[in-house]
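**Q**
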Amino acid sequence: MGLKWMCVFLLSLSSLPIWAAPADWSAARHWNEVLLSAIRKDFARPTVHARNLFHVSAAMWDAFAAFDPALKQLQHHENQTAADLKAAREEAISYAVYGILKWRFANSPGAAQSLPAFDQLMNQLGYDSGFTAVVGDTPAALGNRIAQTYIEFGLTDNSNEQDGYKNLFYEPVNEPLVPALAGNPEITDPNRWQPLALDFFQDQSGNVIIGGYPGFLSPEWGRVKAFALQADDLTIHQRDGNDYWVYHDPGPPPQLGGAGDALYKAGFEQVVLWSGLLDPTDGVMIDISPASNGNNPLGTNAGSGYEKNPVTGLPYTPAIVPAGDYFRVLAEFWADGPASETPPGHWFTIANYVSDHPQVLKQFRGQGPVLDDLEWDVKLYLTLGGTLHDVAVSVWGMKGWYDYARPVSAIRYMCDRGQSSDPDGPSYHPEGISLYPGSIEVITAETAAVGGRHFPLGGNINEHFGKIAVRAWRGPDYISNPATDAAGVGWIRCENWWPYQRPSFVTPPFAGYVSGHSSFSRAAAVIMSRFTGSEFFPGGLGTFAAPKNQFLVFEEGPSVDITLQWASYFDAADETSLSRIYGGIHPTADDIPGRIMGAQIGADGFRFASQLFADGSGPSRATFKVSKFFADGNDVNAVTVALSCNTGLVLDQQKELMGGESVEFVVSSFDEGSLNCSVTEVGQAAYAAEYDNLSLDIRNNSHCEYHEVISGDAFECVITNTPLPVPVQVSKQWVFEGSSVDIDMNYALTLYCNAVIEGGQQLGAGSLKSASTQQAGCSPNSLADPVQGNSNSMNNWCKAFEGNGNSSFTAAVTPGFPESQCFWTESGQDAAVEVD
């Protein structure tokens, strides 16, 4: 087995063509490769390594951007100058990444190999690995400061790095499943995640953990500080007094015995049925080329391929292979990624494969100037790394909250209950598995007899009659030597069903909902398509070779040479999703929401990264000029205005200005036609500001909103502090105690405010007996107060009513800053009882 693992490792590296010699790589590419190598030697922790890839890529970007003040940095904000810009950037990048990697992988199980590799690369690039100074204006010192920034940030980002990323409060509700034993007798909740109990566990990177199975990986990861996730996408759930942060929450998965019961059963039954397709000897042949495969609408598997190569215009050449071989290669290729760098690292290898392709023109978004390798790599790594980190934060936050079962737990549980298809048949239970003739059946005396399709599953003394049999991949019990043996597909008791995995792994150590592979891959496909300017691989075809009887690790195979082929990045992503069903790791309920989440997170991540790259040369750029004046003449205090756009930008959105001044906001690298921005005042609650969109000559009182902005447009927004009038009502109603009482005494109501009283309207004024009424004018004045002279501070007054009878008066009062008060008084006497 060990020799075969080594062969696969070497094959995986060589199967992705490298078009440029390593000497031609940028410093960023060298460091990315050494990071991927270190991840392969570390524990298989998708969350932790998505974060490592992000932080290292962000440090590269901050070092690169430090030498151009027009660029926006992410964590370390510092600018420098250099005569040799490229050399300074590569040096700063190298010291920044070196410092982070030495810190992050110091306790890795592969540290004995990884740490010397970091030193070796520093020496290879011509840098002194012993230089640790953080003071000075050299690129090396800058790089060391950036490393220090990210190390300190990592200790405060809620990942619990300082305690080995340990969970703080999550506890599983189910007792462990012992997959080596039949059934699943210890589970109490089939809708919740269940740990496993093994003699030893071997993770996806090949590391052996003696004594059992690791706990749930990162169930509280939703609180880790993200890249471009927005507060509007966050839902905070609570269980057992603990908060679970979930971004892009799609709602709960199907529940056995609850909402979605039929979908629960159908999803896990599909996993069993597809397990029965992993047989290359069944005679089923399929075309795996883009001529027949791919081109799915988002969230579906409804595509039927491409009539022609979208790039070359020529038809794709069909590739007819045994279906069972193709499905097994899918399950293994996408399970670990090449050499087990976890799913986020896998997409970095694909990104590097694309970057090395001779047909790639390195233009950001496929437009504008051709970038040199360093700029291309740094920008690609930041965009991809930040986005995949956001996927990890979103998905694992969801995994921790929904805590959903894996197929091995759910399938064995349902089969232990029996069948749910025939209430009058044997072994019926409403929580049992559905029957599918030829695939999922009940073991009977007839079917278990010698020569029957279920022989010898009935047992020596017929003890297994009435249990469920499935036609599926038979599992590791049928493999003595993975280099020469194949378990094949056949009838087994469902209580012994096994995912298409190693016996030392079985299933990932965390909940299923939603699929990380689906979310990572869809988000990465969005990034690759938008970053390169095309959703298609270079030349319209990406490939990976899996040679006959050399590629598979779980068992011998494939039986023929298999070359995976994808026209687009989205085709590769969808294939990733399907591979997890063939591998027995996810049902469809985990997959489709993951794809949709990935698409959303990918779009947000790309928009946010694009803002950091805005240097004024991009094709999509709009300018917002905001000016300010006070209609009431009060221009003493400055105000803060904010620009908010749907690009995800959170940097430099607020600017301060005085009355009569103006400021400019610039937004660039957005999708034309999709930009939606608004300008508002910050913290000036007493003003209800009006806004004019002067460029369109349209009066706009809804916060200077701009929609469907086309690149290059300029907009002017004038903010006028003319507070909106507030209605103030004064009314009086008479209630008679006796009909003989005459009401003939006049009275007056006067409204006082330390704000402008713009006007009023008397409603229903009058008298029950020949009333004489008069409404006074309402305006600011310096005349003597009709009641109190000029002695009160309420220097604006309005005589609201004078006469007798009922009255009702509404004035329009414009408040001042920061606040205004009003009161009213009554003069005169009356003999009746009144109600205010």
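For the sequence shown, my numbering assigns the number 572 to the initial residue and increments by one for each residue that follows. Built from N, CA and C at the ideal position, the CB exists for glycine as well. Computed from a predicted structure; not experimentally measured.
#1: What do you reckon, are the CB atoms on Gly838 and Asp1145 nearer than 9 Å?
#2: Based on the DSSP secondary-structure assignment, which residues constitute the bridge partners of Met856?
#3: Mapping the DSSP letters down to three states, classify Leu587 as helix, strand or coil.
#4: Does the Cβ-Cβ distance between Ser846 and Gln1136 come in under 9 Å?
#5: Go ahead and pull the three-state DSSP assignment for Asp1142.
#6: Exposed or buried, which one is Met985 when buried takes at least 16 other CB atoms within 10 Å?
#7: Identify whether Val1021 lies in helix, strand or coil by the three-state DSSP scheme.
#8: Hey, could you find the ends of the beta strand (DSSP E) Phe1372 is sitting in?
#9: Which residues in the same chain have their Cβ closer than 6 Å to the Cβ of Leu844, if we skip the five residues on either side of it in sequence?
#10: I believe Ala976 touches Asn762 by the beta-carbon criterion, under 8 Å. Please report the beta-carbon distance rounded to the nearest angstrom.
#11: So what does DSSP say about Asp1132, is it helix, strand or coil?
#12: Span of the alpha helix (DSSP H) holding Arg977?
#13: Are the C-beta atoms of Asp803 and some chain B residue less than 9 Å apart?
#14: Under 8 Å by Cβ, that's how I've got Ala718 and Pro747 pegged, so tell me the actual separation to the nearest angstrom.
#15: Look up Gly612 in the DSSP assignment and give the residues it is bridged to.
#16: Given a cut-off of 9 Å, decide if Arg1064 and Ile1429 are closer than it, judged by their beta-carbon atoms.
#17: What three-state label does DSSP hand Gln1359 in the structure shown?
#18: So Pro1070 and Gly1165 are in contact, right, with Cβ under 8 Å, and what is the actual spacing, rounded?
#19: On the DSSP bridge assignment, give the partners of Asp814 in chain order.
#20: Pop quiz: Val795 and Val966 are said to be a contact at Cβ under 8 Å. What is the actual Cβ separation, rounded to whole angstroms?
#21: Could you name the residues that DSSP lists as bridge partners for Ile1011?
#22: Is the beta carbon of Ile1172 closer than 9 Å to that of His917?
#23: Just the Cα atoms here: how many angstroms apart are Gln1072 and Leu686?
#24: Quick check on this structure: which residue in Thr1159, Tyr741, Ile664, Asn864 has the alpha carbon closest to the alpha carbon of Gly831?
#25: Helix, strand or coil: which one does DSSP assign to Gly1059?
#26: Check for me: the alpha helix (DSSP H) holding Leu668 runs from which residue to which?
#27: Which partner residues of Trp534 appear in the DSSP bridge assignment?
#28: Among the residues of its own chain, which have a CB less than 6 Å from the CB of Ala1347, if the five just before and after it don't count?
#29: Would you kindly report the start and end of the unbroken beta strand (DSSP E) that includes Trp1395?
#30: Candidates Ile857, Arg1093, Ser863: which alpha carbon is nearest Ala1492's?
#31: Note the first and the last residue of the continuous alpha helix (DSSP H) segment covering Phe1091.
#32: If you draw a straight line from the alpha carbon of Ala1020 to that of Asn1033, how long is it in whole angstroms?
#33: Any idea which residues DSSP pairs Tyr1323 with across the strands?
#34: What residues are listed by DSSP as bridge partners for Thr1211?
#35: What are the start and end residues of the alpha helix (DSSP H) that includes Phe1179?
#36: Cα separation between Asn1375 and Ser1398?
**A** With the given structure in hand:
#1: Not a contact, by the Cβ cut-off of 9 Å.
#2: Bridge partners of Met856: Pro893.
#3: Only weak support is given to the placement of Leu587: the predicted model assigns it a pLDDT of 40, under 50, and the question is left unresolved by the model.
#4: No, these two residues do not count as a Cβ contact at 9 Å.
#5: Note: Asp1142 maps to helix in three-state DSSP.
#6: It is buried - the Cβ of Met985 has at least 16 other Cβ atoms within 10 Å.
#7: Val1021 falls in the coil class under three-state DSSP.
#8: For Phe1372, the enclosing beta strand (DSSP E) begins and ends at 1367–1374.
#9: Sequence-distant Cβ neighbours of Leu844 in its own chain, meaning closer than 6 Å and more than five residues away, are Ser1010.
#10: Right, their Cβ atoms sit about 6 Å apart.
#11: Residue state, collapsed to three classes: coil.
#12: Membership of Arg977 in any alpha helix (DSSP H) is not indicated, and neither H nor E is assigned to it by DSSP.
#13: Protein chains in the displayed structure number just one, and chain B is not present.
#14: No, Ala718 and Pro747 are not in contact; Cβ-Cβ is about 41 Å, not under 8 Å.
#15: With the sequence shown as reference, residue 612 is identified as Lys, and Gly is not the correct amino acid for it. According to DSSP, which records beta bridges pairwise, Lys612 is partnered with nothing at all.
#16: In this structure the chain extends from 572 to 1407, so residue 1429 is not present and cannot be described.
#17: A caution first: Gln1359 carries a pLDDT of 42, below 50, which makes its placement in the model too unreliable to give a value.
#18: Contact annotation, Pro1070 with Gly1165: C-beta distance approximately 18 Å; criterion of less than 8 Å not satisfied.
#19: Under DSSP, Asp814 forms a beta bridge with Gln809.
#20: That pair is no contact at about 12 Å.
#21: Note: Ile1011 sits in a beta bridge opposite Tyr1007, Val1041.
#22: Using a Cβ distance threshold of 9 Å, His917 and Ile1172 do not count as a contacting pair.
#23: Whole-angstrom Cα-Cα distance: 31 Å.
#24: Minimum Cα distance to Gly831 is reached at Thr1159.
#25: Gly1059: coil per DSSP, three-state reduction.
#26: Leu is not the amino acid found at residue 668; the sequence shown has Val there. Per DSSP, Val668 belongs to the alpha helix (DSSP H) from 656–675.
#27: No information on residue 534 is available, as it lies outside the stretch 572 to 1407 that the chain covers here.
#28: Caution is warranted here: a pLDDT of 39 is assigned to Ala1347, below 50, making its placement in the model unreliable, and no coordinate value can be reported.
#29: Where Trp1395 is concerned, the enclosing beta strand (DSSP E) stretches over 1393–1398.
#30: Outside the shown range of the chain, which is 572 to 1407, sits residue 1492, and nothing can be said about it.
#31: Counting along the chain, the unbroken alpha helix (DSSP H) around Phe1091 starts and ends at 1087–1103.
#32: Straight-line Cα distance between these residues: approximately 10 Å.
#33: Answer is Trp1368, Phe1394, bridged to Tyr1323.
#34: Partner(s): Glu1227, Val1253.
#35: It spans 1159–1183 - the alpha helix (DSSP H) in which Phe1179 sits, taken as one unbroken run.
#36: If you draw a straight line from the Cα of Asn1375 to the Cα of Ser1398, it is about 12 Å long.
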